[in-house]
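The next block holds one structure in the form of structure tokens; read it before the comments.
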Amino acid sequence: MSDKAKRMTGVLLVLTGVVLSLAHILAPVHNDGIVYRTGCGSAWQLSGIPVKEAGIVRINTAGEDELETLPGIGKVYALQLIEERNKNGPFYYPEDLTAVHGIGNGTVKKLYQYINLTVE
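Sequence positions in the sequence shown follow my numbering and run 1 to 120.
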């Protein structure tokens with residue numbers, strides 16, 4: 001394959017990646033008539049779990065003790081979550097929790113089924 005053909009193939013692969021990334025970011029996720037779009041393009045599918053069901057924590061109103069019931073969240077992270085919430089306002093998207101030092105995408109994925117992001 002010539003150098004020109006290799007470069008054109010590389011350009012096409014990059015452009016394909018860009019188009020697919022943009023399509024993923026711009027595509028809304030629908031659930032119960034509400035459109036949810038994440039800040040970094042990740043699709044977070046909400047489940048129909050009632051808020052009052054055991055194990056669901058309202059992350060934007062929960063106190064330290066309630067936050068500590070979440071898997072992987074101890075006293076330090078609970079206090080940091082409260083501090084972040086008080087300083088910068090409510091968490092709107094699950095990935096907003098990564099603003100707390102030490103909470104990464106893996107932790108957020110583990111917490112997702114246990115949290116409710118309702119802002120009241």
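Ideal Cβ positions, reconstructed from N, Cα and C, are used throughout, including at glycine.
Proximity to H101 across E64, E84, G10 and Y92 peaks at E84, based on C-alpha coordinates. Under the DSSP assignment, N105 falls in the alpha helix (DSSP H) whose first and last residues are N105 to L111.
Collapsing the DSSP output to three states places N60 in coil.
For the pair T107 and G72, the CB atoms are nearer than the 7 Å cut-off.
Excluding its 5 nearest sequence neighbours in each direction, Q80 has C-beta neighbours in its own chain below 6 Å: V100, listed in chain order.
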